[in-house]
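Written out below as structure tokens is the structure these notes cover.
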Amino acid sequence: MNRNSPTKMRLSPRGITGWKALLPGLTLVLPCLACADFGLSASTDFYTIDTDAGLVFKVRRTDNGASTQSAGDIASLVYEGAEYQNQSRGSQVNAGFDWLYSGTSSVAVSASTVGTDFIKVTVEAGDLTHYYMARRGYPHIYMGTHFTSEPNVHNHVRYILRLSSALLPDGPEASDLRGTVSTVESSDIFALANGETRSKHYSNQRLKDWTHIGATGNNVGMWVVRDDHEGGSGGPFYRSLLNQATDTDQELTYIVNYGQAQTEDFRTGILNSYTFVATGGEAPSERPDTSWFADMELRGYVAPSERGRIAGVGISGMDPNYDYTVGFASGTAQYWTDAGSDNGYYSRAGIRPGTYKMTIYKDELEVYTREEVTVTAGETTILHSISIADDPSGDPAIWRIGDWDGSPQEFLNGDKLTKMHPSDVRIDTWDPVNHIIGSSSDAEFPAYMWKEVNNDHIVYFKLNSDQIESAHTLRIGLTCAFAGGRPNITVNDWTSDFQSASSQPRSRNLTTGSYRCNNVTYPFEIPATAWKQNPGEWNRLVISVISGSGGSGFLSAGYSVDSIDLLE
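Residue numbers (UniProt numbering): 1 to 568.
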């Protein structure tokens, strides 16, 4: 018998009693009444998996009629004898496998052993297949999610682990809702009595910056470790919620794809893998080995031997003050890697065969693109040295506020906006004093501008006798915009024509911890007649937010600032 082929569960004599009463047509038909070692047992309602490493979990087999539970859920998660799973709500994809696709509520759950060291539970719901897997001797739940069409009830794919916040009290502070007393926005941003804000959205991190999320308790830690996220959307800088703590639950959320501030179409047909890891409290030091997935007959799995690599000789023209990221994206998959700070060398292995668009980012700003890079299985695609010529920071400027880096974090409040609501008590004023070129710092210019909060911000500057003789271009760069918000300017007595709204995600963004949308630059051609004709006089620039859409306050039309400059 092939040890890696799916087999029926082997039973000891004590485990045979009652097996004939099981439901027909299921992969496993023999329950184990007592499983003290690595193994899989079945009852009418559950599959029970013992990892032989202190972790025992149950997957629900049947629909029990509860709206918060579904076949395919993790219904029990016991580690070192303690139950961590919420018993009234399952851990599940979205809000349950029976509510992924409109008109489809049936869920099929099956299970099998693979050889002597692996167990696989398969959940099928509409066009989505989810796997739970165990490996002998590891306190892990290896998961994989594959779908051929996007679930259309919620229009996203995320796995939520609902664990006990009493046993796992310590998670990210910014997303800990315990103690909040009022609602700030929608039904997902709240405030403490002292004015600090909390939300699941503020647990976000840039995708490239994290490999695991989790929470800890007394000598215990529970984590989700991500894979390459090749089937996700949004690229290396995408931010999405990762965690939420309530009075009952510590929710660990693995986002496969999500609409919040999303700039790309969702990708389908990929096996998205991620692993639940239980520890004694320490964070995982490395990603779990998943090479054995090759023997598990998983939909969408592509083995390392069937993938290719891209390597670049180097990148010239880099700014030494910034990190550079090289991204590769197609309609099927996404990848990225860091460029070396000394010569720009980069290498990315494990890429699915295909043709990709290549993008080089200075921090988060796109400064180079190449439309086609082809990857072949088992081969390395070598790219010759690339010279960056599209960095707007290299354009000579009379003055510049901020830098062109795709981020507003150098501006006023820019270092806080991913972790709190803009109304938070810890936020400095959004409407600071006028900005004076030559004396004001970047940190005194607001990172965000809203039509109803801090509109019509004023900048004063002087031009010399040569500069006032010519027209000049003023550029305003945005990293994100909400409700059609875009800039318009007045210089002394001259006013620019109205600008068109840029293409941006339709979701909330400026208030939910993400400044990362579609970078866009608005150029304004200012005639020489607009300037004060005396070099000693101050020119008055008014920067406004215009839009015919939006709500009130921080939900009025607005935008996030990348940089503002007046070119020579």
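Even for Gly, the Cβ is constructed at its ideal location relative to N, Cα and C. No experiment lies behind these values; they were computed from the predicted model shown.
Item	Value
Contacts around Gly300, its chain only, beta-carbon distance under 7 Å, and the 5 residues preceding and following it disregarded	His146, Gly269, Ile270 and Leu271
Straight-line Cα distance separating Thr148 from Arg400	48 Å
In DSSP terms, what Pro523 is bridged to	Arg475
Start and end residues, beta strand (DSSP E) containing His421	Taken as a continuous stretch (DSSP letters only), His421 belongs to no beta strand (DSSP E), as it is neither H nor E.
In DSSP terms, what Gln499 is bridged to	BP columns for Gln499 are empty, so no partner.
Touch test, the segment 174–192 against the segment 227–234, Cβ-Cβ under 8 Å, three pairs minimum	no
Start and end residues, beta strand (DSSP E) containing Phe554	Counting along the chain, Phe554 falls outside any beta strand (DSSP E), and DSSP gives it neither H nor E.
Own chain partners of Leu26 with C-beta closer than 7 Å, once the 5 adjacent residues on each side are dropped	Because Leu26 sits at a pLDDT of 36, beneath the cut-off of 50, its placement in the model cannot be relied upon, and the following sentence gives the value as read from the coordinates. Around Leu26: Ser110.
Proximity test, Gly300 beta-carbon vs the ligand NAD heavy atom, cut-off 8 Å	The ligand NAD is absent from the structure shown, which contains no ligands of any kind.
6 Å CB neighbourhood of Leu383 in its chain, flanking five on each side removed	Gly312
Residues that Gly394 bridges to, as DSSP identifies them	According to DSSP, Gly394 bridges with nothing at all.
Straight-line gap, Ser316 to Val425 (C-alpha atoms, nearest Å)	44 Å
Three-way DSSP call (helix, strand, coil) for Tyr84 in this model	coil
Assigned secondary structure, Ile468 (DSSP; H/G/I helix, E/B strand, else coil)	helix
Between the CA atoms of Asp249 and Gly259 - distance to the nearest angstrom	24 Å
Proximity to Tyr138 [Cα-Cα], best of Asp497, Glu80 and Ser164	Glu80
Simplified DSSP assignment, three categories, for Ser547	coil
Rounded distance between the beta-carbons of Asn434 and Ser544, thought under 8 Å	Contact flag wrong, Cβ pair sits at about 14 Å.
Short Cβ contact (9 Å threshold) for Tyr159 with Tyr274	yes
Sufficient close CB pairs (3 or more, under 8 Å) joining the segment 153–170 to the segment 220–230	yes
Proximity of Val326 and Ile360 at Cβ, strictly below 9 Å	yes
Residue range of the unbroken beta strand (DSSP E) whose run includes residue 618	Because the chain is modelled from 1 through 568, residue 618 falls outside the range shown and cannot be assessed.
Within the segment 136–221, ranges of the beta strand (DSSP E) (whole runs, at least 3 residues)	140–147, 157–164, 182–185, 189–191, 197–199 and 212–217
Whole-angstrom distance between Pro505 and Gly553, CA atom to CA atom	19 Å
Contact check, Leu510 vs Pro422, beta carbons under 9 Å	yes
Integer Cβ distance of Ser547 from Ala483, believed to fall under 8 Å	6 Å
Candidates Asp247, Gly340, Gly331 and Phe276, of which the one nearest Ser91 by Cα	Phe276
DSSP beta-bridge partners of Pro446	Leu412
Three-state class that DSSP yields for Ser385 in the structure shown	coil
Length of the line joining the Cα atoms of Ser330 and Asp170	38 Å
C-alpha gap between Ile16 and Gln69, whole angstroms	In this predicted model, Ile16 has a pLDDT of only 30, less than 50, meaning its place in the structure is not dependable; the value taken from the coordinates is given anyway. Those two C-alpha atoms are separated by around 30 Å.
Span separating the alpha-carbon of Gly217 from that of Gly438	51 Å
CA-to-CA distance, Asn94 to Pro172, given in whole angstroms	21 Å
Integer Cβ distance of Ala42 from Arg60, believed to fall under 8 Å	The pair is not a contact, with the Cβ atoms about 12 Å apart (cut-off 8 Å).
Inter-stretch contact at 8 Å, needing at least 3 Cβ pairs: the segment 288–308 / the segment 199–209	no
Every unbroken beta strand (DSSP E) within the UniProt domain "Rhamnogalacturonan lyase" (309–381), with a cutoff of 3 residues, ordered by chain	324–329, 334–338, 346–351, 354–362 and 365–375
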